[in-house]
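Here the protein sequences come in this chain order: A and B.
Just so we're aligned: 88 in our numbering is position 88 of the first sequence, and the numbers increase by one with no gaps anywhere.
Just so we're aligned: 1024 in our numbering is position 24 of the second sequence, and the numbers increase by one with no gaps anywhere.
Ideal placement from N, C-alpha and C gives every residue a C-beta, glycine not left out.
Note that the structure is predicted; figures quoted are calculated from it, not measured.
Contents: one structure, followed by commentary.
Number of protein chains: 2
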Amino acid sequence: MPNNKKLPEDGNTSASSRTATDSKADVMRLARANKILGALPEKELEQLAPKLTPIEFKVEEIFHQPLDPIRDVYFPASGIVSLITLLEGGLSVEVAVTGSEGVVGVSSVMGAKFGTVEALSQSDGQALKIRATDLREHFDQSPALRAPILQYAHNLLIQVAQNAACNRAHTVEQRLARWLLLTHDRLDGDKFIFTQEFMSRMLGVRRAGVSVAANTLRQAGLIDYSRGSITMIDRKGLEATACECYRAIESYSV
Amino acid sequence: MPNNKKLPEDGNTSASSRTATDSKADVMRLARANKILGALPEKELEQLAPKLTPIEFKVEEIFHQPLDPIRDVYFPASGIVSLITLLEGGLSVEVAVTGSEGVVGVSSVMGAKFGTVEALSQSDGQALKIRATDLREHFDQSPALRAPILQYAHNLLIQVAQNAACNRAHTVEQRLARWLLLTHDRLDGDKFIFTQEFMSRMLGVRRAGVSVAANTLRQAGLIDYSRGSITMIDRKGLEATACECYRAIESYSV
DNA sequence: CCTCTTATGTACGTTGCCGCACATTGTTGC
DNA sequence: GCAACAATGTGCGGCAACGTACATAAGAGG
């Protein structure tokens, strides 16, 4: 796990030259990009807005860590965040992935005092940050906010459940294809940045195993890649290669 | 999957000779055995009680099935219920287990329209049944009910997440030991009823694989078993054999 | 008691991934 | 352009679990 950075604890990320109005416009723009906040009635969002801080994040930044208290919760407007279970002996396995359809740290509204999985960004992106205590308060009082958050929590649950079965049943190649599809769905464009080393941590397999599987996909003309950058070439082909779990997750999640 | 029965759709399980008062006493007794209902203030429970119906279930009864609408939700007072993801090709993998600490069908309060996993009893037991719509209504209105249900949903999430990683990382023997411990925690006594065939469906491995692993545990003096009945002999020893995931689940769940 | 069924033990070749080690090839910084 | 590094390719022995098949053993029911 080389130089993973934690997010700056406070970082007033809106440049100080900006006016308050600019900042509020930022918040509203980002909020509309997130499915949960974007689904709120105008009035509710206005109430929440003062508590929301825009942030930017880079690849491989850590949002939450097992056993650390969850102080802030993040609503991504762009980018991807992986939820990863860490095991003794250093093995790590991604159990779910979230983009602008979700919220990182949802367990804090469910009564969790601390994180149990690592939340790690898979890409650059933007998000709105809110104090866990503030969110919890609104969550308890506003049915309009509660509904989409719970809906997301449910989608998360079934994604993790499908993952649990998938890890038991499917080959590295199938799971790699699935992972690429889920990532592609959450990023703009057909080209993104990952190393095999990173993928091996997500899939919980050897880096060498990723190399072989990726090579197979490349030779089949489904993807191309070189030194940390991957291009999706044949999405249909990938869908055919991926296990059922990709479709299951997509279809179960409303 | 031999003769799995669905629960009777209505079955007024309280014998008709019983009086209404008896029935209500039943409800209150069972409610106190369930951690979620048992945590409710007296007044709240009184309000909910008319909606609750006591039921009994036998081994291998199906509470919910993937894609079927979730009509009823169950608060177990005793017994165990497994949540199982079914994959194409007939492979099944248990992703979580619930006893009197939880509620079967929790996703219905989170906005799920239908089940995504199979909920199957692992033992005989008793539960309180409630219409999903009724529960949802109380859930939305009562913070006192919402809190413990969400807390349980969170525990469920981390159990499933740990399972996802566990399936990737640990041997059949380790996972069998873990599974026996989780089961033992939720049942009275040291002897319970399972066949290797059933266990193989839970662990998602061959029945022959269970045979070998179980034999190893027996020869190590940790368990004894014969034709569908298992006795726990050395709990400490099992804990030493099981993977970290047993402890992780226990310690994360508050 | 004897048959029938169900549960369990065991074997054998195969496969997917492991741990490990090392070669090769782009990129970056000087 | 060259050295240093980072990312990727590849080989090999080993092992856990697979699919399959069959043998044994313990109740159940007549």
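Counting other Cβ atoms within 10 Å of its Cβ, residue 208(A) stays below 16 and is therefore classed as exposed.
By the criterion of at least three beta-carbon pairs nearer than 8 Å, the segment 1156-1173 of chain B is in contact with the segment 164-177 of chain A. When DSSP states are grouped into helix, strand and coil, residue 182(A) belongs to the helix group. Under a criterion of Cβ atoms nearer than 8 Å, the residues of chain A adjacent to residue 1088(B) are, in order, 244. Along the segment 52-68 of chain A, there is no position whose C-beta sits under 7 Å from a C-beta of chain B. Collapsing the DSSP output to three states places residue 36(A) in a helix. For the segment 1150-1162 of chain B, the set of positions with a beta-carbon nearer than 8 Å to some beta-carbon of chain A reads 1150, 1151, 1153, 1154, 1156, 1157, 1158, 1160, 1161 and 1162 in chain order.
Only residues of its own chain outside the window of five on either side were considered, and among them 121, 122, 123, 124 and 193 have a CB closer than 8 Å to the CB of residue 59(A), listed in chain order. The criterion of a C-beta distance shorter than 7 Å is satisfied by residue 1084(B) and residue 1094(B). Counting along the chain, residue 41(A) sits inside no beta strand (DSSP E), nor does DSSP assign it H or E at all.
With a 10 Å radius around the Cβ and a threshold of 16 neighbouring Cβ atoms, residue 50(A) comes out exposed.
Residue 1154(B) and residue 110(A) do touch by the CB rule: their CB atoms are close to 4 Å apart, below 8 Å. Residue 1119(B): member of the beta strand (DSSP E) spanning 1118-1121, first to last residue. Distance from the CA atom of residue 107(A) to the CA atom of residue 115(A), rounded to whole angstroms, is 8 Å. DSSP, reduced to helix, strand and coil, places residue 1138(B) within a helical segment of the structure shown.
When DSSP states are grouped into helix, strand and coil, residue 66(A) belongs to the coil group.
Look at residue 1104(B) here: in three-state DSSP terms it is strand. For the C-beta of residue 1107(B), the chain A residues within less than 7 Å are, from N- to C-terminus, 154 and 157. With a threshold of 16 other beta carbon atoms within 10 Å, residue 1129(B) meets it and is buried.
Counting only Cβ-Cβ distances below 7 Å, residue 1140(B) has contacts in chain A at 143, in chain order. At a C-beta separation below 8 Å, residue 1189(B) has no neighbours in chain A, since its nearest C-beta there lies roughly 29 Å away. In the DSSP assignment, residue 1241(B) falls within the alpha helix (DSSP H) that extends over 1235-1241. Per DSSP, reduced to three states, the secondary structure at residue 1153(B) is helical.
For residue 1072(B), the number of other beta carbons within 10 angstroms of its own is at least 16, and it is reported as buried. Contact check for residue 118(A) against residue 91(A) fails: the beta carbons are separated by 7 Å or more. Assigned with DSSP and collapsed to three states, residue 1191(B) falls in strand.
Classified as exposed, residue 67(A) has fewer than 16 neighbouring CB atoms from the shown chains inside 10 Å of its CB. Ranking 1132(B), 1212(B) and 1171(B) by CA distance to the CA of residue 1243(B) puts 1171(B) first. When the beta-carbon positions are compared, residue 44(A) and residue 147(A) stay at least 7 Å from each other. For the pair residue 141(A) and residue 65(A), the Cα-to-Cα distance works out to about 28 Å. Residue-level contact by beta carbon holds for residue 168(A) and chain B, with a gap shorter than 7 Å. At a cut-off of 7 Å between beta carbons, residue 1117(B) contacts chain A. Distance from the Cα of residue 1102(B) is smallest, within the candidate group 1078(B), 1235(B) and 1233(B), for 1078(B). For residue 96(A), the enclosing beta strand (DSSP E) has its first and last residue at 92-98. The C-beta of residue 132(A) comes no closer than 7 Å to any C-beta of chain B.
For residue 1173(B), the number of other beta carbons within 10 angstroms of its own is at least 16, and it is reported as buried.
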